[in-house]
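Under numbering that gives the first Met the number 0, the first residue of the sequence shown carries the number 0, and numbering increases by one thereafter.
Note that CB positions come from ideal geometry on N, CA and C, so glycine has one too.
Since this is a predicted model, take the numbers as computed values, not measurements.
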Amino acid sequence: MSPVTAGVLQLLALIAALALAYRPLGDYMARVYSSEKHYRPEKWIYKAIGANPSAEMRWPAYLRAVLAFSAVSVLFLYLLQRLQGSLPGSLGFVSIDPDQAFNTAASFVANTNWQSYYGEQAMGHVVQTGGLAVQNFVSAAVGMAVAVALVRGFSRSRTGELGNFWSDLVRGTVRILLPIAVIGALVLVACGVIQNFAGIHEVGQFTGGTQQWNGGAVASQEVIKELGTNGGGYFNANSAHPFENPTPFSNLFEIFLILVIPFAMTRTFGKMVGSVKQGYAILATMGIIWLGFTALMMWTEFAHHGPAFDVAGGAMEGKETRFGVGGSSIFAVATTLTSTGAVTSFHSSYTGFGGGITMLGMQLGEIAPGGVGSGLYGMLIMAIIAVFIAGLMVGRTPEYLGKKIGTREIKLAACYILITPALVLCFTAAAMALPTPGNSMTNSGAHGFSEILYAYTSGANNNGSAFAGLNADTQWFNSTIGIAMLLGRFLPMVFVLALAGSLAEQKPVPETAGTLRTDKPLYAGLLVGTILIITGLTYFPALALGPLAEGLAS
């Protein structure tokens, strides 16, 4: 079987698995977030944190709860790292330096999981399991809660109430993420992913030397890192490490975990707003972009430019030989079109255009299908922008799901789409202008610029993957990327929740003959075009200096 055929068959198997899970998982999540019943373990949690899960919140209260919980999480994870040297189960590792502890705490709480450290050489069992793995669950649940609050803004009327954050957080963790993670961890263990609390031990090598290996609760952390679109690896090689991702089947299963909740949440959206067709329109938009990027990446990486490429079956530099070009390409697109950031290959070693595809996937806002929760609310913001553009074309006040998109709504949506590019481009410009940050680049020219542009694109968009080649473990990058991650995560949430509150207060607008049908293929096409045009106009100059220049020169 040729490598191209193998890659296509993997893609078809993945699509089939996602299609089978789409309806039952989407319907289940809709029931979870619409239920008024609280299970006994959930009541224990509410009592422990002093929360009333039945109290409705307006958007300022919902936002305060999100920010308060996240601030406490950052502080807890920071202190856990700073005290690691005094904790049991630290494997002899010392406490983490202040700048790196801040960067890591911000990273995992912001659902980014950017790592400027070697996991197996820095973090012990307590920090890995009690700190990082816990944040993988709750940071994902925070994103899902904010997305559900926005959906309620569309489905409710004449009220500013968006539900209860604490209830949404606990239900998302206990009823959705935990059960799937338990099943997924068992599958990964069956595939060969390790799950233990062994210490450091030396293993002999065929060359006669030895290598130190760590044990760890890897399977349980690996499954939620993918399922929650987090991406932080237990080991520095991330999902290219055989302890995290041992076989081609486990590789495909991990890609499935990355995509299943973001895609299924479009069904949840459709059920909660009372029109599954609206969910299908959003799903179609996400699917078109994802399939387009995957096909383009596979074509780019399979393109042969000489005998060496012919023998290898494609551009194999930096790719894991167990997965080949096809599996690596599918994984690279899935992880950068979502906010996962896990890697099975070095994106820096991709062809010039291939590296640009991974970067562009993040710059779209990671909305196809995006992170758990963040992908859905990011796509709904773009849907509002597309409706507004359509309204300008025909001279009609734009409407979406029975809600008028007025001045306030469009200003909030505009602020949402502007904040992340501003962070990426401003921090990249500062790093290139100052003398010291440039010393961290391994390469010069267009590729070196891509290393820095990718780093801030990954941080501000809460992806967390690295282009490789950039030494990001410096005070400058630890601090600035940490700030970019926090601002890129929580500032957009301010505008999302404010928009949700504004929509919930409105009275529904009856549908007329002049209403734009947002559940039709024409609108899905308009939405795809809007996303690509906005991103192109925003990032094209920077991309022209980096991956485009490199691709055209090769």
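Practice problem: May I ask you to list the residues that DSSP assigns as paired with Gln211? | Solution: The sequence position of residue 211 within the sequence shown is 212, counting from 1. DSSP, once it has assigned bridges, lists Glu201 as partnering Gln211.
Exercise. Name the residue from Thr335, Ser249, Ser94, Ile404 whose alpha carbon lies nearest to the alpha carbon of Gly123.
Key: As a working mapping, residue 123 is identified with position 124 in the sequence shown. The residue with the shortest Cα to Cα distance from Gly123 is Ser94.
Practice problem: Can you have a look at Glu201 and say buried or exposed, based on whether 16 or more other CB atoms are within 10 angstroms of its CB? | Solution: Start at 1 with the first residue of the sequence shown, and residue 201 comes out as number 202. Glu201 comes out exposed.
Self-check item: C-beta contact flag for Phe153 and Val272 at 8 Å
Solution: Translated into positions along the sequence shown, residue 153 becomes position 154. Translated into positions along the sequence shown, residue 272 becomes position 273. Contact check for Phe153 against Val272 passes: the beta carbons are separated by less than 8 Å.
Quiz item: How would you label Pro491, buried or exposed, when you count the other beta carbons within 10 angstroms and need 16 or more for buried?
Solution: Numbered from its first residue, the sequence shown carries residue 491 at position 492. A residue is called buried when at least 16 other Cβ atoms come within 10 angstroms of its Cβ; Pro491 meets this threshold and is buried.
Exercise. Could I get the ranges of all uninterrupted alpha helix (DSSP H) runs contained in the region 32-117, with 4 residues as the minimum, in chain order?
Key: Qualifying alpha helix (DSSP H) stretches, in chain order: 39-48, 58-81, 97-108.
Self-check item: Identified DSSP bridge partners for Ser344
Solution: Taking the first residue of the sequence shown as position 1, residue 344 is located at position 345. Paired residue(s): Lys318.
Quiz item: Relative to the C-alpha of Thr427, which residue among Val508, Leu526, Gly545 is closest?
Solution: Stepping through the sequence shown from its first residue, residue 427 is reached at position 428. A check of alpha carbon separations from Thr427 across Val508, Leu526, Gly545 identifies Gly545 as the nearest.
Quiz item: Should Gly535 go down as buried or exposed, given a rule of 16 or more other Cβ atoms within 10 Å for buried?
Solution: Reading the sequence shown from its first residue, position 536 is the one you call residue 535. Exposed.
Quiz item: Leaving out five residues before and five after Leu86 in sequence, what residues of the same chain have Cβ atoms less than 6 Å from its Cβ?
Solution: Indexing the sequence shown from 1 puts residue 86 at position 87. If we look at Leu86 and ignore the five residues flanking it on each side, its Cβ neighbours are Val125.
Quiz item: With 16 other CB atoms within 10 Å as the buried threshold, where does Asn195 fall?
Solution: Translated into positions along the sequence shown, residue 195 becomes position 196. Looking at its Cβ environment, which holds fewer than 16 other Cβ atoms inside 10 Å, Asn195 is exposed.
Quiz item: What is the rounded straight-line gap between the Cα of Cys190 and the Cα of Leu282?
Solution: Here residue 190 refers to the residue found at position 191 of the sequence shown. Here residue 282 refers to the residue found at position 283 of the sequence shown. Rounded to the nearest angstrom, the two C-alpha atoms are 31 Å apart.
Quiz prompt | Residue from Ala60, Asn229, Gly88, Ala184 whose Cα sits closest to the Cα of Phe252 | solution = Counting from 1 along the sequence shown, the entry for residue 252 is found at position 253. Looking from the CA of Phe252, the closest CA among Ala60, Asn229, Gly88, Ala184 belongs to Ala184.
Quiz item: Hey, is the region 497-507 in contact with the region 385-404, meaning 3+ C-beta pairs nearer than 8 Å?
Solution: As far as the Cβ criterion goes, the region 497-507 touches the region 385-404, which means the pair count is three or higher.
Quiz item: Taking all protein chains shown into account, do 16 or more other C-beta atoms lie within 10 angstroms of the C-beta of Trp165, making it buried, or fewer, making it exposed?
Solution: By 1-based counting over the sequence shown, the position of residue 165 is 166. The Cβ neighbour count for Trp165, taken over all protein chains shown within 10 Å, is at least 16; the residue is labelled buried.
Quiz item: If you draw a straight line from the C-alpha of His37 to the C-alpha of Gly230, how long is it?
Solution: As a first step, residue 37 must be located in the sequence shown, where it is residue number 38. As a first step, residue 230 must be located in the sequence shown, where it is residue number 231. When rounded, the separation of the alpha-carbon atoms in His37 and Gly230 is 31 Å.
Quiz prompt | CA-to-CA distance, Met358 to Ile532, given in whole angstroms | solution = Counting from 1 along the sequence shown, the entry for residue 532 is found at position 533. Counting from 1 along the sequence shown, the entry for residue 358 is found at position 359. Cα to Cα, Ile532 sits roughly 16 Å from Met358.
Exercise. Check Ala307 in the structure and name its three-state DSSP category.
Key: Position 308 of the sequence shown holds residue 307. Unreliable placement is indicated for Ala307, whose pLDDT of 48 sits below 50; the coordinate value is still reported in the next sentence. Ala307 falls in the helix class under three-state DSSP.
Self-check item: Proximal residues to Val169 (C-beta, below 6 Å), its chain only, five neighbours per side dropped
Solution: Counted from its first residue, the sequence shown places residue 169 at position 170. If we look at Val169 and ignore the five residues flanking it on each side, its Cβ neighbours are Glu41, Ile44.
Quiz item: Is it true that the CB of Thr128 sits closer than 8 Å to the CB of Ala216?
Solution: Numbered from its first residue, the sequence shown carries residue 216 at position 217. Numbered from its first residue, the sequence shown carries residue 128 at position 129. Cβ distance < 8 Å, so Ala216 and Thr128 count as in contact.
Practice problem: With DSSP as the reference, label Lys402 as helix, strand or coil. | Solution: Within the sequence shown, residue 402 is the residue found at index 403, counting from 1. It is a strand residue.
Exercise. Report yes or no: do three or more beta-carbon pairs, one from the region 260-268 and one from the region 343-350, lie closer than 8 Å?
Key: No, the region 260-268 does not touch the region 343-350.
Exercise. Check whether the region 47-56 touches the region 73-82, counting contact only when three or more Cβ pairs, one atom from each stretch, lie closer than 8 Å.
Key: These segments do not touch.
Self-check item: Alpha carbon of Gly323 to alpha carbon of Leu336, nearest angstrom
Solution: Numbered from 1 along the sequence shown, position 324 holds the residue referred to as residue 323. Numbered from 1 along the sequence shown, position 337 holds the residue referred to as residue 336. Rounded to whole angstroms, the separation of the alpha carbons of Leu336 and Gly323 is 20 Å.
Quiz prompt | Straight-line Cα distance separating Phe494 from Thr419 | solution = Here residue 419 refers to the residue found at position 420 of the sequence shown. Here residue 494 refers to the residue found at position 495 of the sequence shown. Each residue's Cα considered, the two are about 12 Å apart.
Quiz item: How many angstroms separate the CA atom of Leu515 from the CA atom of Arg407?
Solution: As a first step, residue 515 must be located in the sequence shown, where it is residue number 516. As a first step, residue 407 must be located in the sequence shown, where it is residue number 408. Rounded to whole angstroms, Leu515 to Arg407 spans 20 Å at the Cα level.
Exercise. Identify the continuous alpha helix (DSSP H) that holds Thr334 and give its terminal residues.
Key: The residue you call residue 334 lines up with position 335 of the sequence shown. Counting along the chain, the alpha helix (DSSP H) containing Thr334 begins and ends at 323-336.
Quiz item: DSSP state of Leu258, grouped into three classes?
Solution: In the sequence shown, residue 258 corresponds to position 259, counting from 1. If DSSP states are grouped into helix, strand and coil, Leu258 belongs with the helices.
Exercise. Leaving out five residues on either side along the sequence, give the residues of the same chain with a beta carbon under 6 Å from the beta carbon of Thr158.
Key: For the purposes of this step, residue 158 is taken as the residue at position 159 of the sequence shown. Cβ contact annotation for Thr158 (same chain, cutoff 6 Å, sequence separation greater than five): Ala503, in chain order.
Exercise. May I ask you to report which of helix, strand or coil DSSP gives Glu253?
Key: For the purposes of this step, residue 253 is taken as residue 254 along the sequence shown, with counting starting at 1. Looking at Glu253 - three-state DSSP - the assignment turns out to be helix.
Practice problem: Might you give, ordered along the chain, the residues of its own chain that have their beta carbon closer than 7 Å to the beta carbon of Asn470, omitting 5 neighbours on each side? | Solution: Indexing the sequence shown from 1 puts residue 470 at position 471. Excluding positions up to five away in sequence, the list reads Ser439.
Self-check item: Validate contact between the region 107-124 and the region 229-243 using beta carbons, cut 8 Å, 3 pairs
Solution: The region 107-124 and the region 229-243 touch, with no fewer than 3 CB-CB distances between them shorter than 8 Å.
Quiz item: Does the separation of the CB atoms of Gly142 and Val423 fall below 8 Å?
Solution: Counting from 1 along the sequence shown, the entry for residue 142 is found at position 143. Counting from 1 along the sequence shown, the entry for residue 423 is found at position 424. Cβ distance not < 8 Å, so Gly142 and Val423 don't count as in contact.
Exercise. Note down, in chain order, each residue of its chain lying with its Cβ closer than 7 Å to the Cβ of Ile257, except the 5 sequence neighbours on either side.
Key: One-based indexing of the sequence shown puts residue 257 at position 258. Cβ neighbours of Ile257 beyond the five flanking positions: Glu225, Thr228, Ala333, Thr334, Thr337, Thr339.
Exercise. Please classify Leu433: does DSSP put it in a helix, a strand, or coil?
Key: To locate residue 433, count along the sequence shown from 1; it is residue 434. Coil, per DSSP.
Quiz item: Cβ atoms of Glu243 and Phe255: under 8 Å apart, would you say?
Solution: Here residue 255 refers to the residue found at position 256 of the sequence shown. Here residue 243 refers to the residue found at position 244 of the sequence shown. Phe255 is not a Cβ neighbour of Glu243, given a cutoff of 8 Å.
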